[in-house]
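Peer 1: My numbering puts the first residue of the sequence shown at 131, with every later residue one more than the last. Every residue gets a Cβ at the ideal spot worked out from N, C-alpha and C, and that includes glycine. All values reported here derive from a predicted model rather than from experimental measurement. One structure, as structure tokens, below. Some questions next.
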Amino acid sequence: MANRDQINIQPAFKQLTMPCEGEAGDLLVLTPLADGERDPSKQGLASLWFCVRSGDRERDAVWARVQFDGVASCGHLIPDPPQNHPTLQRG
Numbered sequence: 131m132a133n134r135d136q137i138n139i140q141p142a143f144k145q146l147t148m149p150c151e152g153e154a155g156d157l158l159v160l161t162p163l164a165d166g167e168r169d170p171s172k173q174g175l176a177s178l179w180f181c182v183r184s185g186d187r188e189r190d191a192v193w194a195r196v197q198f199d200g201v202a203s204c205g206h207l208i209p210d211p212p213q214n215h216p217t218l219q220r221g
């Protein structure tokens with residue numbers, strides 16, 4: 131881990147299906163890889179999910195994948211965030 135403050139969410143390893151349980155606001159990292167397995171992909175196989183609806187006895191939790199606007203690696207300049215997102219409206 132780097133020498134700065136970072137958050138590390140332990141992945142759910144070898145997870146191929148979404149969990150039925152979850153509370154709104156939960157964050158979850160999923161990966162099809164085993165713990166310690168080297169990721170052979172170019173941009174990584176782990177994905178970040180946010181629980182948007184809690185599960186209960188009558189219905190399963192609903193999860194939304196967090197979308198990212200780019201990837202970078204060590205030594206690459208940090209690009210400016212996109213400035214073309216729509217303005218949110220009330221209503």
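Could I get the ranges of all uninterrupted alpha helix (DSSP H) runs contained in the stretch 133-196, with 4 residues as the minimum, in chain order?
Peer 2: The stretch 133-196 contains no whole alpha helix (DSSP H) run of 4 or more residues.
Peer 1: Can you tell me the Cα-Cα spacing of E151 and R134, whole angstroms?
Peer 2: Rounded to the nearest angstrom, the two C-alpha atoms are 33 Å apart.
Peer 1: Look at the Cβ atom of V201, then the Cβ atom of G221, and state whether they are nearer than 9 Å.
Peer 2: Result no, Cβ atoms of V201 and G221 do not sit closer than 9 Å.
Peer 1: By how many angstroms is the C-alpha of R195 removed from the C-alpha of S184?
Peer 2: Going by the C-alpha atoms only, they are around 15 Å apart.
Peer 1: Does the distance from the CB of C181 to the CB of V192 come in under 9 Å?
Peer 2: The answer is yes: Cβ separation under 9 Å.
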